[in-house]
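Quick notes on the structure that follows.
There are 2 protein chains.
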Amino acid sequence: MNLLFKALGDPTRREIIELLRKRDMNAGEIADHFSISKPSISHHLDLLRQANVVISIKEGQFITYSLNTTVFDEMVKWVIEVSDKKNKKTKK
Amino acid sequence: MNLLFKALGDPTRREIIELLRKRDMNAGEIADHFSISKPSISHHLDLLRQANVVISIKEGQFITYSLNTTVFDEMVKWVIEVSDKKNKKTKK
DNA sequence: TATATATTTAGGCAAATGTCTAAATACTTT
DNA sequence: AAAGTATTTAGACATTTGCCTAAATATATA
């Protein structure tokens, strides 16, 4: 879960996630949305892949990236749980 | 939201959050749960406070820390929204 | 085969992060 | 007022992060 939080702790990477939410894209298309270099985007994509937030599939000379949203489940569960205990304490 | 994700991207800080879920604690009590120095814990608490995850209240010579879970709401909303690929409309 | 296109890898650099010890600040008690 | 307790601030250090350019790899096309 640490890799996931770290992955989400960068605005560029969150923007990439928001892009991929609309449709799958290859690395070049993703890079075109930003003013930083392609190698830097490639690095961000690597971190997102390590955190299992995205999946990459090679298609010819392109590499298509798509979102894997299941990885968020555990995280949301943790956050809700952490929030819930506190509520319980004040509610009861 | 960046400060929040960054705050959550460290295991010690997540443990602090889990501690505070059970009950409010002062800085010394929190530090006693870890093997790292008090100044380091103080720094972690500062980051959590900057991210609005905790609130600190001075009580005599102690400083009591408590969780502020409302800050998670926006984050969970973002994650859920991003996970929902079918509804691509961005609402504010 | 040679050239163009897509993407990553390598290496370097400045800034941010997480840790420490020592010192400073604030409050309490004697 | 002096001493003790709680916590933070300051400064240093190694590691990580995010960015860059240049080079390498892989595929497509003339």
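So the protein sequences, as listed, match chains S and R. Note that the first sequence covers residues 1 to 92 in our numbering. Note that the second sequence covers residues 101 to 192 in our numbering. Just so it is clear, CB atoms sit at the ideal spot from N, CA and C, and this is done for glycine as well.
I want to see whether chain S comes within less than 8 Å of residue i, judged by CB atoms only; does it?
i	result
M125 of chain R	no
V179 of chain R	yes
N152 of chain R	no
F134 of chain R	no
T145 of chain R	Note that residue 145 of chain R is Leu in the sequence shown here, rather than Thr. Answer no: the Cβ-Cβ gap between L145 of chain R and chain S never drops below 8 Å.
I116 of chain R	no
F162 of chain R	no
Please tell me whether residue i has its Cβ less than 8 Å away from any Cβ of chain R.
i	result
T12 of chain S	no
K91 of chain S	Low confidence applies to K91 of chain S: its pLDDT is 40, below 50, so where it sits in the model is not reliable, and the reading given next is rough at best. No, K91 of chain S lies away from the interface with chain R (no Cβ there is under 8 Å from its Cβ).
K38 of chain S	no
L48 of chain S	no
L8 of chain S	yes
L19 of chain S	no
S56 of chain S	no
F72 of chain S	yes
S83 of chain S	yes
Taking its Cβ as the centre, do 16 or more other Cβ atoms sit within 10 Å of residue i, making it buried, or is it exposed?
i	result
T70 of chain S	exposed
I141 of chain R	buried
S83 of chain S	buried
M105 of chain R	Inspection of the sequence shows that residue 105 of chain R is occupied by Phe rather than by Met. Classification of F105 of chain R: buried, given that the 10 Å Cβ count is 16 or more.
G109 of chain R	buried
I116 of chain R	buried
K89 of chain S	No answer about K89 of chain S holds up, because its pLDDT of 47 lies below 50 and its placement is not dependable.
H44 of chain S	buried
K91 of chain S	Note on K91 of chain S: pLDDT 40, under 50, position unreliable in the model; no value is reported.
Quick one, are the C-beta atoms of residue i and residue j less than 8 Å apart?
i	j	result
Y165 of chain R	I130 of chain R	yes
I80 of chain S	N26 of chain S	no
R121 of chain R	L148 of chain R	no
Comparing alpha-carbon positions, which option in the options lies nearest residue i?
i	options	result
F134 of chain R	R:L119, R:D146, R:L147, R:L148	R:L119
D24 of chain S	S:K58, S:V76, S:L3, S:P11	S:K58
Q61 of chain S	S:R21, S:A7, S:G28	S:G28
L103 of chain R	R:R114, R:L167, R:A151	R:A151
N168 of chain R	R:D146, R:M175, R:V154	R:V154
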